[in-house]
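Just so it is clear: in the sequence shown, position 94 is 93 by numbering that gives the first Met the number 0, and no numbers are missing.
For each residue, glycine too, the CB sits at the ideal point set by N, CA and C.
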Amino acid sequence: MLIKRTRASDIPSSEITSETVFHERRTILKAMGLGAVALGTPIVAGATSGERKLYTNEVPLSGPVWLQDKLKTLSPSLYSTAEAATPFEYVSTYNNFYEFGTGKTDPADNSQNFITDPWVVEVAGEAELTGKYNLEDIVNPHTLEERVYRLRCVEAWSMVVPWVGFSLADLLKRFKPNSNAKYVRFETLHDPEQMPAQASRFAAINYPYVEGLRIDEAMNELAFLSVGVYGNAMPNQNGAPIRLIVPWKYGFKSIKSIVKIEFTKRRPKTTWEMSNSREYGFFANVNPDVSHPRWSQARERRLPTSIFRQNYVDTLKFNGYGPQVAHLYQGMDLGRYF
Ligand code: MTE
Numbered sequence: 000m001l002i003k004r005t006r007a008s009d010i011p012s013s014e015i016t017s018e019t020v021f022h023e024r025r026t027i028l029k030a031m032g033l034g035a036v037a038l039g040t041p042i043v044a045g046a047t048s049g050e051r052k053l054y055t056n057e058v059p060l061s062g063p064v065w066l067q068d069k070l071k072t073l074s075p076s077l078y079s080t081a082e083a084a085t086p087f088e089y090v091s092t093y094n095n096f097y098e099f100g101t102g103k104t105d106p107a108d109n110s111q112n113f114i115t116d117p118w119v120v121e122v123a124g125e126a127e128l129t130g131k132y133n134l135e136d137i138v139n140p141h142t143l144e145e146r147v148y149r150l151r152c153v154e155a156w157s158m159v160v161p162w163v164g165f166s167l168a169d170l171l172k173r174f175k176p177n178s179n180a181k182y183v184r185f186e187t188l189h190d191p192e193q194m195p196a197q198a199s200r201f202a203a204i205n206y207p208y209v210e211g212l213r214i215d216e217a218m219n220e221l222a223f224l225s226v227g228v229y230g231n232a233m234p235n236q237n238g239a240p241i242r243l244i245v246p247w248k249y250g251f252k253s254i255k256s257i258v259k260i261e262f263t264k265r266r267p268k269t270t271w272e273m274s275n276s277r278e279y280g281f282f283a284n285v286n287p288d289v290s291h292p293r294w295s296q297a298r299e300r301r302l303p304t305s306i307f308r309q310n311y312v313d314t315l316k317f318n319g320y321g322p323q324v325a326h327l328y329q330g331m332d333l334g335r336y337f
């Protein structure tokens, strides 16, 4: 992956001391009851007390009307970390979305006219039900929850993001995958007219952007489809209108602006693996013990940072989600299958 070294100037100085935007929109009482037992190790904020505040960016709800209606019913999830979320200003201006440029602020600068409504997602491959579906039909049967997850980029920075969405497993099961479905392949929109980097002869990677998961990874309780952040619709630069979040893997697995979900027999060829398989593996599990060929993965810069405060934290295996996912890799050599 191309690395743009972060300089303090990447983040406006006015924001370096800004406080976390963390305001109460609604207080949810006793939102959850089930799940705590299944989870084992708690990774939750306020779950046992039965009360947690939702994050908001303090602006009116956006997105299509049907989504705004659903956002009003958002509830906190047991799967959230108790760590404070990275302020919305950083979540929405420090991005990787190469279709809109490789600089960290390019996605926010270049995606504002990106059209995400109407949006169609094709479900294909080894399943009983396949076809093309309006986003509303994809999302509507699901209850939206807010999951505050750590996001660890392979470039060794990280954030804590309050995502809005629903379980990937719950969606996949609706299409009744058959026994040939060993993997799930995801594809981002290919539209060079809207995504300037896709039109470039000097594109950093091949498009469309493709990602994939083994079916048991995709069915894990932590795999999440997200349609928003901070209680609101997904900003274009973060992968509107729908993206994947796989919190125990490096951020490049969390593919944005998905138009196709396919159940496959064979392991899909994924964008970064195809671009440089020595540096980026298919599994891409966060692992402080397996260095990237060009840099250590032992620690990460937790945003927000400044020249005076790099805010390094130790990187955790599986990004700290080992209790929920380590069993998926039992007996696997994680140095080989990185
Ligand atoms: N999805 C697409 N289609 N294109 C991309 O360039 N970048 C990935 C991932 N998903 C990327 C993508 C990388 S490298 C990271 S770290 C995360 O998105 C960043 O998500 P964020 O910008 O919302 O923080």
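By the Cβ criterion, the stretch 302-311 is not in contact with the stretch 276-283, since fewer than three pairs of Cβ atoms, one from each stretch, lie closer than 8 Å.
Around the beta carbon of P207, 16 or more other beta carbons lie within 10 angstroms, which makes this residue buried. The beta-carbon distance between T314 and P292, rounded to whole angstroms, is 17 Å. This is too long to meet the 8 Å contact definition. Bridge partners of R293 according to DSSP: none are assigned.
The stretch 237-254 makes contact with the stretch 147-156: 3 or more CB pairs, one atom from each, lie closer than 8 Å. By the criterion of a C-beta distance shorter than 6 Å, G330 is surrounded by no residue of its chain, once the five residues flanking it on both sides are discounted.
In terms of side-chain proximity, the C-beta atom of N237 is found nearer than 7 Å to a non-hydrogen atom of the ligand MTE. The beta-carbon separation of Y97 and A203, rounded to 6 Å, stays under the 8 Å limit for a contact.
Annotation for I114 indicates a beta carbon at 7 Å or more from all heavy atoms of the ligand MTE. In this chain, the beta strand (DSSP E) harbouring N133 covers 130-133. If one requires a minimum length of 3 residues, the beta strand (DSSP E) runs lying completely within the stretch 186-253 are 209-213, 223-228, 242-244, in chain order. Remark: the C-beta of E98 is in contact range of the ligand MTE, defined as less than 7 Å to any heavy atom.
In this structure, DSSP gives S274 a helical state, which the three-state scheme calls helix. In this structure, F337 and V289 form a Cβ contact; the two beta carbons are roughly 5 Å apart against a cut-off of 8 Å.
Closest in C-alpha terms to G238, from the list K172, K268, A107, comes A107.
If the five residues before and after G62 are omitted, its C-beta is found closer than 6 Å to the C-beta atoms of A232, all from its own chain and listed in chain order. With fewer than 16 other Cβ atoms inside 10 Å of its own Cβ, V312 counts as exposed.
The alpha-carbon separation between N235 and A196 amounts to approximately 15 Å. Assignment of beta-bridge partners to P75 by DSSP yields E145.
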